[in-house]
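One structure is given below, encoded as structure tokens.
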Amino acid sequence: MFQDRPTYLKVNLDAVLENYINIKRTLGEKEVIAVVKADAYGSGAKVLVKYLYDNGVKHFAVSSLEEGLEIKEVAPDAFILVLGIINPRNITYAIEQNLSITCPSKDWLEEVVENIGELGRKLKLHLKIDSGMSRIGISSKEEAIAVNELLNDDRLELEGIFTHYSNSDADNDEYDKYQRERFTYLTSFINHKAKYVHHENSAASMRYAKENNNFNMARVGISLYGQYASDEIAKISDIKLRTVSSLISEVSHVKEVAPGTKIGYACSYESKDSEYIATVAIGYRDGLLRRSQGWSVLINGERCEIVGRVCMDQTMIRCPKKPSIGDEVLFYGEHNGQVLSVEEFAKYQNTISYEIFCCIGQRVPRRYFVNDKEVG
């Protein structure tokens, strides 16, 4: 694709693989699912999945049927779990493509049984238990008993049972303990044996890495992309993660402004002295949100502050020295020996790294690197 704008997201594929391998090594015999929902957290799912698949990773999770069908094209023999709710009327697509599907409720399963037909292949189900997230899943004894009865249908295969911790990245594990107890209680009414039982997300897989338990699978999302789920998890984890994504652009325009010059929409910044203002072709359409104002990027190794409101397509930056047109600008990540923490970037905006990654717009090209060399 032709690219004139210099803004791009640098994705280190070898870092993703290294993170996966290090996590899997720590978790021992457990199968590790690479969670690649939301376009692999904004990294570009098809390219990332193909690289992982070609390097031996065979378990993936997505959020929707559409995402599952997309990565099936590049990982044809992989285990692919759809974590979100599929419309029961579309369930035949999942069966035909051998996808594993989340069962979120008794009512959903009843509708599936009505629509499933006879396709010569069983529907692989992962029964979601709502142990305390209050999002989707079986949440009562009565519902669990009813689902257990529905699972007697020989067109269904209970491949997995799972839950999701809501607070495993906190500084204590009290609510995790409650959720485990709730999970154990509700699954006691399911007498169909599942191949996989999983509860660990990125935070829990690190918090409980050394525990022996009856869970034989883990779902790894944000840590796959080089980020710890929280500061607390970063402190207690022995797993070293590598940075995967870096947001990079170039200086496209430079001017020197006099003291008292208004800059940006709503005159949101006024120069105090004679200052160098660099304009960069990146804005909130690209995922650099307006609350980034005041964040300091790196230009030629120096911190330079975003001034004025971030625009849709462009951003102004105050520089202590006059930059040159074409100088690289690092908003977060690692590039050419320069480092800016995405966690700090997220904290500055009162959010989390997940949102930062997922906000990167589709007009920002993803450029892929292996061992510092661009590929594809």
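Each residue of the sequence shown is one higher than the one before, counting from 16 in the working numbering.
Idealized CB from N, CA, C, for every residue including glycine.
Between residue i and the rest of its own chain, which residues show a CB-CB distance below 7 Å, the 5 nearest in sequence each way excluded?
i, result
"Ser154", "Asp145"
"Ile95", "Phe75, Val77, Gly83, Ile86, Lys87, Leu114, Ser115"
"Ala159", "Ile153, Leu201, Phe204, Ile205"
"Asn130", "Pro103, Arg104, Ile106"
Using the three-state DSSP reduction, which class does residue i fall into: helix, strand or coil?
i, result
"Gln353", "strand"
"Thr276", "coil"
"Met221", "helix"
"Val128", "helix"
"Leu256", "coil"
"Asn163", "helix"
"Glu46", "strand"
"Lys270", "strand"
"Arg378", "coil"
"Ile151", "coil"
"Leu28", "helix"
"Glu133", "coil"
"Ser368", "helix"
"Thr41", "helix"
"Lys139", "strand"
"Arg234", "strand"
"Glu285", "strand"
"Cys373", "helix"
"Tyr347", "strand"
"Tyr35", "helix"
"Tyr243", "coil"
"Arg324", "coil"
"Arg300", "helix"
"Arg305", "helix"
Would you kindly report the start and end of the unbroken beta strand (DSSP E) that includes residue i?
i, result
"Met331", "330 to 334"
"Phe177", "171 to 177"
"Lys388", "388 to 390"
"Ala76", "74 to 77"
"Ser115", "115 to 118"
"Ile95", "94 to 97"
"Leu313", "311 to 314"
"Ala293", "290 to 295"
"Ile144", "Note, Ile144: premise wrong, no beta strand (DSSP E); not H, not E."
So residue i is in the alpha helix (DSSP H); what residue range does that whole segment cover?
i, result
"Lys225", "Premise fails: Lys225 is in no alpha helix (DSSP H) and is neither H nor E."
"Thr107", "106 to 111"
"Lys61", "60 to 69"
"Lys192", "189 to 202"
"Tyr56", "52 to 56"
"Ala209", "Element bounds for Ala209: n/a, residue is neither H nor E."
"Ile251", "246 to 251"
"Glu82", "80 to 87"
Do you know offhand how far residue i's Cα is from residue j's?
i, j, result
"Glu215", "Tyr284", "46 Å"
"Asp92", "Ala281", "54 Å"
"Asp328", "Asp301", "7 Å"
"Ala224", "Glu133", "42 Å"
"Lys25", "Asn102", "35 Å"
"Glu349", "Gly241", "11 Å"
"Glu358", "Ile367", "7 Å"
"Leu171", "Gly376", "39 Å"
"Val51", "Val64", "8 Å"
"Gly71", "Leu239", "15 Å"
"Tyr56", "Tyr369", "7 Å"
"Asn182", "Tyr66", "32 Å"
"Val127", "Ala233", "27 Å"
"Glu111", "Ala49", "22 Å"
"Gly135", "Ala185", "46 Å"
"Ser260", "Ile297", "16 Å"
"Asp342", "Asn351", "12 Å"
"Tyr200", "Asp19", "58 Å"
"Val89", "Asp387", "24 Å"
"Ala293", "Ser307", "16 Å"
"Gly391", "Lys61", "12 Å"
"Gln353", "Leu345", "8 Å"
"Asn37", "Ser220", "12 Å"
"Tyr363", "Lys137", "48 Å"
"Ser217", "Glu33", "15 Å"
"Tyr35", "Leu304", "30 Å"
"Gly175", "Phe372", "29 Å"
"Glu389", "Arg381", "11 Å"
"Phe360", "Tyr347", "7 Å"
For residue i, which residues in the same chain have their Cβ closer than 6 Å to its Cβ, ignoring the five residues on either side in sequence?
i, result
"Thr276", "Ser286"
"His179", "Met148"
"Val385", "Leu28, Asp29"
Would you check whether the ligand GTP has a heavy atom nearer than 8 Å to the C-beta of residue i?
i, result
"Asp169", "With respect to the ligand GTP, the structure offers nothing, as it holds no ligand at all."
So, for residue i: in the same chain, excluding its five sequence neighbours on each side, which residues have a beta-carbon less than 8 Å away from its beta-carbon?
i, result
"Ser339", "Val266, Val269"
"Asn163", "Phe204, Ile205, Asn206, His207"
"Ser289", "Glu271, Val272, Ala273, Pro274"
Contact between the stretch 186 to 201 and the stretch 116 to 134: three or more CB pairs below 8 Å?
no
Three CB pairs or more closer than 8 Å across the stretch 306 to 321 and the stretch 33 to 45
no
Quick test of the definition: if touching needs 3 or more C-beta pairs under 8 Å, does the stretch 195 to 207 touch the stretch 23 to 37?
no
Is the stretch 263 to 277 touching the stretch 246 to 254 in the sense that three or more CB pairs, one from each, lie closer than 8 Å?
no
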